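Peer 1:
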Amino acid sequence: MSIFVDNNTKLVVQGITGRDGAFHAASMKDYGTHLVAGVTPGKGGQEAGGVPVFNTVAEAVQETGANTSCIFVPPAFATDAIFEAVDAGIDLVVCITEGVPVNDMMVVFRYVKERGARLIGPNCPGLISPGQAKVGILPGQICREGHVGVVSRSGTLTYEVVDQLTRNGLGQSTCIGIGGDPIIGTNFIDCLEAFEADPATEAVLLIGEIGGDAEEHAAAYIRDQMSIPVVSFIAGRTAPPGKRMGHAGAIVSGGKGTVESKEEAFREAGVAVAVKPSDLVPLLAEKYDPAREALCSA
Amino acid sequence: MKVHEYQAKELFVERGLPVPRGKVATTAEEAEAIAKELGGAVVVKAQVHVGGRGKAGGVKLASGPAEAKEKAAAILGMDIKGLTVEKVLVTEAVDIEEEYYIGLIMDRASKQPMFIVSAAGGVDIEQVAATTPEKILKLGIDPRYGVKPFQLRRLAFSVSQDPAVVKGMSQALSVLYDVFMKSDASLVEINPFVKTKDGKTWSVDAKLNIDDNALFRQPQIAAMRDLAEEDSDEMEAKEAGLSFVKLDGNIGCLVNGAGLAMATMDLVQHFGGMPANFLDIGGSSNPEKVVTAMKIILRDPQVEAILFNIFGGITRCDDVAAGLLKATEQLDVKLPIVARLTGTNEEKAREMLQGSALVPAVTMDEAVQKALELAGGAQ
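Chains A and B supply the protein sequences, listed in that same order. With the first sequence counted from 1, adding 371 to any position gets you this note's numbering. With the second sequence counted from 1, adding 328 to any position gets you this note's numbering.
(1) Tell me whether the beta-carbon of E531 (chain A) lies closer than 8 Å to the beta-carbon of L588 (chain B).
(2) Cα separation between E420 (chain B) and P348 (chain B)?
(3) So that I know if they touch, is there some Cβ in chain E lying closer than 8 Å to that of A656 (chain A)?
(4) Contact criterion: CB-CB distance below 8 Å. Does S544 (chain A) meet it with respect to chain B?
(5) For the structure I just gave you, are there three or more beta carbon pairs, one from the region 619–628 of chain B and one from the region 579–586 of chain B, closer than 8 Å?
(6) Beta-carbon within less than 6 Å of P496 (chain A)'s beta-carbon, same chain only, minus the 5 sequence neighbours each way: which residues are those?
(7) Using a threshold of 8 Å, state whether the C-beta atoms of K396 (chain A) and G409 (chain A) are closer than that.
(8) On the DSSP bridge list, what partners appear for N605 (chain B)?
(9) Of the residues B:V522, B:T529 and B:S511, which one's Cα is nearest the Cα of A550 (chain B)?
(10) Might you give, ordered along the chain, the residues of its own chain that have their beta carbon closer than 6 Å to the beta carbon of E586 (chain A), omitting 5 neighbours on each side?
(11) Residues of chain B with CB closer than 8 Å to the CB of H618 (chain A), please, in chain order.
(12) In the DSSP output, what is R489 (chain A) paired with across the bridge?
(13) Sorted by chain position, which residues of the same chain lie with C-beta nearer than 8 Å to S598 (chain A)'s C-beta, five sequence neighbours on each side aside?
(14) What three-state label does DSSP hand M434 (chain B) in the structure shown?
(15) Could you tell me which uninterrupted beta strand (DSSP E) segments, each at least 3 residues in length, are contained entirely in the region 509–563 of chain A, listed from first to last along the chain?
(16) Ignore the nearest five residues each way along the sequence and tell me which others in L654 (chain A)'s own chain have a CB closer than 6 Å to its CB.
(17) At a threshold of 7 Å, does G502 (chain A) count as lining the ligand HEM (C-beta to nearest heavy atom)?
(18) Please list, in chain order, all residues of the same chain as M515 (chain B) whose beta carbon is under 6 Å from its beta carbon, the five residues on each side excluded.
(19) Apart from the five residues just before and just after K566 (chain B), which ones in its own chain have a Cβ nearer than 6 Å to its Cβ?
(20) Output yes if chain A places a C-beta closer than 8 Å to the C-beta of L411 (chain B); else output no.
(21) Quick one: list the residues of chain B neighbouring E580 (chain A), beta-carbon separation under 7 Å, in chain order.
(22) Let me see if you follow: with CB-CB separation under 8 Å, is N438 (chain A) close to chain B or not?
(23) Any beta carbon of chain A sitting closer than 8 Å to that of Q707 (chain B)?
(24) On the DSSP bridge list, what partners appear for L686 (chain B)?
(25) Quick check: the region 446–466 of chain B against the region 385–395 of chain B, are there 3 or more CB pairs under 8 Å?
(26) For the region 511–525 of chain A, which residues have a beta carbon sitting closer than 9 Å to at least one beta carbon of chain B?
(27) Under a CB-based cut-off of 8 Å, is L666 (chain A) close to chain B?
(28) Can you pull the chain B residues whose beta carbon is under 7 Å from the beta carbon of L528 (chain A), in chain order?
(29) Does DSSP classify H618 (chain A) as helix, strand or coil?
(30) Report the rounded CA-to-CA distance for L339 (chain B) versus V507 (chain B), giving the unit in angstroms.
(31) Assuming E420 (chain B) is part of the alpha helix (DSSP H), what are its boundary residues?
(32) Beta-carbon of F282 (chain B) versus every beta-carbon of chain A: anything under 8 Å?
(33) Tell me where the alpha helix (DSSP H) around C645 (chain B) begins and ends.
(34) Assign F478 (chain B) to buried or exposed, taking buried as 16 or more other Cβ atoms, counted over all protein chains shown, within 10 Å of its Cβ.
(35) Closer than 9 Å between beta carbons: that is the criterion. Which residues of the region 464–478 of chain A meet it against chain B?
(36) Have a look at the DSSP bridge pairing and note the partners of G468 (chain B).
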């Protein structure tokens, strides 16, 4: 098991004929994801990466039964691509695009919710359920099947942590990067809820960063609603206030969104906090013993 | 991106909102001439992209042209929180009776624009929010429907029963919403919004921050960018597709990905050092990007060692290694460089870097500790 993507994922890539879209469509297919279609307006009827290209997502869904979309279109067109995917009945939309105007996201977020679909991102690396499906740009080779759920606002920092898990023999149920923008479709709590409900996930690593208060809300949720152990790390202690640190959402403003505030919220909620990334796996080992879990569930 | 007070006021004036008459001066003589034209008492206000100008001495009242010249001479060239004042706004002084705060921000939690109004105007609103939150009214607006007149009235009536204030403030709030939505703002505020003794209302100050992601469709706003207010290294980095923020330490950091870059900086501090910068070389990093990144880092005389921390997923370690070698060839680097390149094509990268003066490291912890040692130990 896993969350959000699995063997039943049937993927359409929006922007499949672009440089990034083509590259990552091939990589997702190589990983074993059921890539069924691509969409590029004006290139319908062509083929790309071994799958048919359609002019619209609606046609792609109709012809191939696609249920998941991965978006690689430029920022000016990204929200339109999200609207199109949801309108066509896609259940899960993963928007990789970085630089989407925030005002557009306010509106598209509400549309996605109303239609009962799920949006991950924008400005995210996507997600992977090792051994089943990858939707996004995460490097599949560092992952391994297992029972640790990983959720993060970052990309490469997530890879760093996943790599350490795998090197220590700890596989993952699903690794998900929720994105670094101020407004994102799926937040920490959505993922925690799904991990808690997933029988295959036995522990969770949460990687946060400065800006906003998503970590503080996640801490309260973990305290009140979760039974499986959660271990956390927050990046950005040395970031100067008022400066955007790469991600549009990574900014301490008006004394809010600091690492200290987030760590305190986690500690109060009984969540272990790693002071550096290399402490995450040892901390997790204190809370979660895969061998014991295997025995318990046997 | 931030714009100046006088620029934000231009957007208000376009929408019919009353602001005190005024003009921008870059010299004391110009300030004097503007004061003469306006007549009466004026206020000379530093135009810099930082808060707390008043407290720093950057806003002064002048009784007439001669004093305006004098005050402008004192303010121009002044350093406010690290920024030099290049321009002043000279406006007519108004006779303030009441001061209010009105603003509109993008609220991340509720994912909508949120109005903030308070009768405690003219002071730092964040402080009001922290100490006396009951003095603030917040109201979120659903962006699908836009702001409605009853919402404007509700906000205005929450701070005043005076018909003139309610009418003037409702107009101002409506203008704030229009500017916010049409200019892709993340914050727009008027502090203070005032009532004068003659019963009129004025937007005496203006602050406007724009979502960088939307600048591509905001040519009018993009043209307002004041390069004098921006860090030239940060601008150069942005042009090259890099994300750079200058810090005060001695370890130059070059990382792929914002989260990993922050974690690397934090680790430098954890082991007793201080990072010289935040630098994210981004995704598909071609060698040229690495060269530009090195150039920017080497410009900082405080840097004593350079730390590469690359996790190759999409970024290929051999691409970064090629850039690194190119940079060391072109730039005559005398500083020690620690390179931790792991992930996609790391073996190839290792082969390429063999025989070079670069110090290899396997883990992040090891890389940071080596960089600190080479920089002459922890500070």
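Virtual Cβ for every residue (Gly too), placed ideally from N, Cα, C. As the structure is a computational prediction, the values presented were derived from the model and not from experiment.
Peer 2: The structure says:
(1) Walking along the first sequence from the start, residue 531 (chain A) turns up at place 160. Walking along the second sequence from the start, residue 588 (chain B) turns up at place 260. Closer than 8 Å, so yes.
(2) Residue numbering aside, residue 420 (chain B) sits at position 92 when the second sequence is read from its first letter. Residue numbering aside, residue 348 (chain B) sits at position 20 when the second sequence is read from its first letter. Per the coordinates, the alpha-carbon of E420 (chain B) lies some 6 Å from the alpha-carbon of P348 (chain B).
(3) Judged by its chain identifiers, the structure shown contains no chain E, and its protein chains are A and B.
(4) Within the first sequence, the letter at position 173 stands for residue 544 (chain A). Cβ-Cβ to chain B under 8 Å: no for S544 (chain A).
(5) Result yes; three or more Cβ-Cβ pairs closer than 8 Å.
(6) Here residue 496 (chain A) is taken as the residue at index 125 of the first sequence, counted from 1. Excluding sequence neighbours, P496 (chain A) sits near G507, I508, L509, G526 and G548.
(7) Your numbering for residue 396 (chain A) matches position 25 in the first sequence. Your numbering for residue 409 (chain A) matches position 38 in the first sequence. Strictly speaking, residue 396 (chain A) in this sequence is Ala, with Lys absent from that position. The answer is yes: Cβ separation under 8 Å.
(8) Counting from one through the second sequence, the residue named residue 605 (chain B) turns up at place 277. Beta-bridge pairing links N605 (chain B) to B:K574.
(9) Position 222 of the second sequence, counting from 1, holds the residue named residue 550 (chain B). Among B:V522, B:T529 and B:S511, the Cα nearest to that of A550 (chain B) is on B:S511.
(10) Residue numbering aside, residue 586 (chain A) sits at position 215 when the first sequence is read from its first letter. Within the same chain, E586 (chain A) has close Cβ partners G579 and K633.
(11) Here residue 618 (chain A) refers to the residue found at position 247 when the first sequence is read from its first residue. Result: A586 and G587.
(12) As a working note, residue 489 (chain A) is residue 118 in the first sequence. R489 (chain A) pairs with A:L463.
(13) By one-based count along the first sequence, residue 598 (chain A) stands at place 227. Cβ neighbours of S598 (chain A) beyond the five flanking positions: E567.
(14) To locate residue 434 (chain B), count along the second sequence from 1; it is residue 106. Three-state result, M434 (chain B): strand.
(15) 516–523 and 543–548
(16) Here residue 654 (chain A) refers to the residue found at position 283 when the first sequence is read from its first residue. Counting only Cβ-Cβ distances below 6 Å, and skipping sequence neighbours, we find V602, A643 and A645.
(17) As far as ligands go, the structure on display features none, and thus does not contain the ligand HEM.
(18) Residue numbering aside, residue 515 (chain B) sits at position 187 when the second sequence is read from its first letter. The question names Met, but residue 515 (chain B) is Leu in the sequence shown. Cβ within range, chain order: I433 and N537.
(19) Counting from one through the second sequence, the residue named residue 566 (chain B) turns up at place 238. Answer for K566 (chain B): no residue qualifies.
(20) Along the second sequence, one-based indexing puts residue 411 (chain B) at 83. Closer than 8 Å: no.
(21) Here residue 580 (chain A) refers to the residue found at position 209 when the first sequence is read from its first residue. Around E580 (chain A), the beta-carbon contacts reaching into chain B at under 7 Å are G587 and M590.
(22) Sequence index remark: in the first sequence, residue 438 (chain A) carries index 67 (1-based). No, N438 (chain A) lies away from the interface with chain B (no Cβ there is under 8 Å from its Cβ).
(23) Numbered from 1 along the second sequence, position 379 holds the residue referred to as residue 707 (chain B). With a pLDDT of only 43 at Q707 (chain B), under 50, the local geometry of the prediction cannot be trusted, and no value is derived from it.
(24) Residue numbering aside, residue 686 (chain B) sits at position 358 when the second sequence is read from its first letter. In the DSSP output, where bridge partners are listed per residue, L686 (chain B) has none listed.
(25) no
(26) Q512, I513, S523, R524 and S525
(27) Along the first sequence, one-based indexing puts residue 666 (chain A) at 295. Because L666 (chain A) sits at a pLDDT of 48, beneath the cut-off of 50, its placement in the model cannot be relied upon, and the following sentence gives the value as read from the coordinates. L666 (chain A) does not count as touching chain B.
(28) Numbered from 1 along the first sequence, position 157 holds the residue referred to as residue 528 (chain A). Those are G585, G587, L588 and A591, listed as they occur along chain B.
(29) Numbered from 1 along the first sequence, position 247 holds the residue referred to as residue 618 (chain A). Here H618 (chain A) sits in coil by DSSP.
(30) Indexing the second sequence from 1 puts residue 339 (chain B) at position 11. Indexing the second sequence from 1 puts residue 507 (chain B) at position 179. Roughly 7 Å between the two C-alpha positions.
(31) In the second sequence, the residue the question calls residue 420 (chain B) occupies position 92. Segment V416 to E420 is the beta strand (DSSP E) holding E420 (chain B); no alpha helix (DSSP H) there.
(32) Since the displayed chain B opens at 329 and closes at 707, residue 282 (chain B) lies outside it and no answer follows.
(33) Counting from one through the second sequence, the residue named residue 645 (chain B) turns up at place 317. Note, C645 (chain B): alpha helix (DSSP H), C645 to L659.
(34) In the second sequence, the residue the question calls residue 478 (chain B) occupies position 150. Looking at its Cβ environment, which holds fewer than 16 other Cβ atoms inside 10 Å, F478 (chain B) is exposed.
(35) E469, G470, V471, P472, V473, N474, D475, M476, M477 and V478
(36) As a position in the second sequence, residue 468 (chain B) is number 140, starting the count at 1. Answer is B:M442, bridged to G468 (chain B).
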